[in-house]
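*Asks:* When the letters of the sequence shown are read in order and numbered with UniProt numbering, they come out as residues 1 to 282.
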Amino acid sequence: MANRTAMIDVGGGFRAIYGAGVMDRMMEDHVHVDHCYGVSAGSANMVSYISGQHGRSHTFYTQYAFRKEYASFDSYIKNHNYANLDYVYGTLSNHDGENPVDYEAFEKNPTGFTVVACNADDGSTKYFDKSDVSYDNFDIMKASSAVPVACEPYVIDGVPYYDGGIADPIPVQKAIDDGYDRIVVILTRPKDTVREQKKDIGPATILKRTHPEAAEKLMNRYQTYNDEVALAKEYEKDGRVLILAPESMYGLNTLSKSFEGLERMYRAGYAAAAAIPAFLGS
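Structural data, given as structure tokens:
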């Protein structure tokens, strides 16, 4: 019986260009999976992959991301959002935008799509699916990419959401439970990097004033991430998971970047993708 195949992209702000490199190589090699699980910026990579738009994500990271409308302190002062999610997933991506999603191709592709977000009110994990995307409506990616404190929560149907990375950063157990037995996991930190709590303490303390449940998730994100990497490694031992991860972060982090670092991260992802066809067919 053929394997049921899936791919997880954990995102990670500008580091997520690593996944863009992976998926551009997959498109060139005509490698398909049955289901995509996207977290934060990883979900945007996957929309371009499902719609078959080679190079589209690379353009966002290496060209548009340097515009102040895309992500800047100007944007934070003006919109209370460091990353202007409406600009990224609306102005640029809608049918009349500068680089529109090929929505018809996205919709026709049978590949399933799950996007992870965190309910800002109660801290629960929300799994959106492909049916929640519609023509010129990519709100679920905005919800999944709303980094706490750097962004306001993104509201869908009256419910505020934050970045999926604080709820289920590497949804490998979700993919296993959904019945997939060959799962490519795209990390954007080196595989053996242990995430620490210290960077989340300040933002979580601020967040606690307005969204205490989400703040608790943020405070514990380091442990959730580390536990899920460990779980992915266990599944990798028995052949169900292939972890792709860069050897370095090339000076990138969630909200800062350099053109050289972005290009190096992209090339690293592109090269790593060579391992995927044999794994999916094993």
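Virtual Cβ for every residue (Gly too), placed ideally from N, Cα, C.
Quick caveat, the model's predicted, so the values are computed rather than measured.
Taking three-plus beta-carbon pairs below 8 Å as touching, is the segment 18 to 25 in contact with the segment 170 to 188?
*Replies:* The segment 18 to 25, when compared against the segment 170 to 188, does touch it at the 8 Å Cβ threshold.
*Asks:* Can you list, in chain order, the residues of its chain whose CB lies under 8 Å from that of ASP102, leaving out five sequence neighbours each side?
*Replies:* Answer for ASP102: SER51, GLY52, GLN53, listed in chain order.
*Asks:* Cβ of ALA167 within 8 Å of Cβ of LYS233?
*Replies:* Not closer than 8 Å, so no.
*Asks:* So the candidates are SER282, ARG264, VAL241; which of them puts its Cα closest to the Cα of ARG251?
*Replies:* The sequence as given places Gly at residue 251; Arg does not occur at that position. Nearest of SER282, ARG264, VAL241 to GLY251, Cα basis: ARG264.
*Asks:* Please identify the residue among TYR87, GLY11, TYR49 whose C-alpha is closest to the C-alpha of PHE66.
*Replies:* Cα-wise, what sits closest to PHE66 is TYR87.
*Asks:* Counting Cβ pairs, one atom from each stretch, are 3 or more of them under 8 Å apart for the segment 158 to 173 and the segment 218 to 232?
*Replies:* Cβ pair count under 8 Å is three or more, so yes.
*Asks:* Measure from the alpha carbon of LYS130 to the alpha carbon of each residue in ASP34, TYR154, ASP121, then state which is nearest.
*Replies:* Per the Cα distances, ASP34.
*Asks:* Kindly give me the distance between the Cβ atoms of ASP96 and ASN45, rounded to whole angstroms, as I take these residues to be in contact under 8 Å.
*Replies:* The Cβ separation is near 22 Å, so there is no contact.
*Asks:* Helix, strand or coil: which one does DSSP assign to ILE166?
*Replies:* Helix at ILE166.
*Asks:* Relative to the alpha-carbon of LYS38, which residue among ALA6, THR59, ASN109 has its alpha-carbon at the smallest distance?
*Replies:* It should be noted that the sequence gives Gly, not Lys, for residue 38. Nearest C-alpha to GLY38: ALA6.
*Asks:* Between which two residues does the beta strand (DSSP E) carrying TYR127 extend?
*Replies:* Its beta strand (DSSP E) spans residues 125 to 129.
*Asks:* Which residue wins for smallest C-alpha separation from TYR127, given the options GLY55, ASP121, ASP136, MET141?
*Replies:* For TYR127, the nearest C-alpha among the options comes from MET141.
*Asks:* Going along the chain, which residues of its own chain have a beta-carbon closer than 7 Å to the beta-carbon of ASP163, five neighbours each way excluded?
*Replies:* Around ASP163: SER40, CYS118, SER144, SER145, ALA146, VAL147, PRO148.
*Asks:* Less than 7 Å between C-beta atoms, sequence neighbours within five positions excluded: which residues of the same chain meet that for ASN226?
*Replies:* Closer than 7 Å at the Cβ level, and outside the excluded window around ASN226, lie VAL194, ARG195.
*Asks:* Over what stretch of residues does the alpha helix (DSSP H) that includes PHE259 continue unbroken?
*Replies:* Residues 259 to 272.
*Asks:* ALA150 to ILE176, Cα distance in whole Å?
*Replies:* In a straight line, the C-alpha of ALA150 is about 32 Å away from that of ILE176.
*Asks:* What would DSSP say about PHE73, mapped onto helix, strand or coil?
*Replies:* The answer is helix: DSSP assigns PHE73 an H, G or I state.
*Asks:* Looking at the unbroken beta strand (DSSP E) that takes in GLU5, where does it start and where does it end?
*Replies:* According to the sequence displayed, residue 5 carries Thr and not Glu. THR5 -> beta strand (DSSP E) spans 5 to 9.
*Asks:* Leaving out the 5 sequence neighbours to the left and right, which residues in its chain are closer than 7 Å to THR125 when beta-carbon positions are compared?
*Replies:* Within the same chain, THR125 has close Cβ partners VAL116, CYS118, ALA167, ASP168.
*Asks:* Is it true that the CB of ASN99 sits closer than 8 Å to the CB of SER93?
*Replies:* Yes, the pair counts as a contact, with Cβ atoms nearer than the cut-off.
*Asks:* Out of ASP132, ARG25, LYS199, state which residue places its alpha-carbon closest to the alpha-carbon of ASP157.
*Replies:* The option with the nearest alpha carbon to ASP157 is ASP132.
*Asks:* If the criterion is Cβ atoms closer than 8 Å, does the pair TYR64 and LEU255 meet it?
*Replies:* Result no, Cβ atoms of TYR64 and LEU255 do not sit closer than 8 Å.
*Asks:* Looking at GLY11 and GLY42, is the spacing between their C-beta atoms short of 8 Å?
*Replies:* It is a contact, given that the beta carbons lie within the stated cut-off.
*Asks:* Determine the contact status of PHE138 and TYR89, defining contact as a CB-CB distance below 8 Å.
*Replies:* A contact, by the Cβ cut-off of 8 Å.
*Asks:* What does ILE243 pair with, by DSSP beta-bridge criteria?
*Replies:* Paired residues: VAL185.
*Asks:* Any idea if GLY261 is buried or exposed, counting beta-carbon neighbours within 10 angstroms, 16 or more meaning buried?
*Replies:* Buried, since its Cβ has 16 or more Cβ neighbours within 10 Å.
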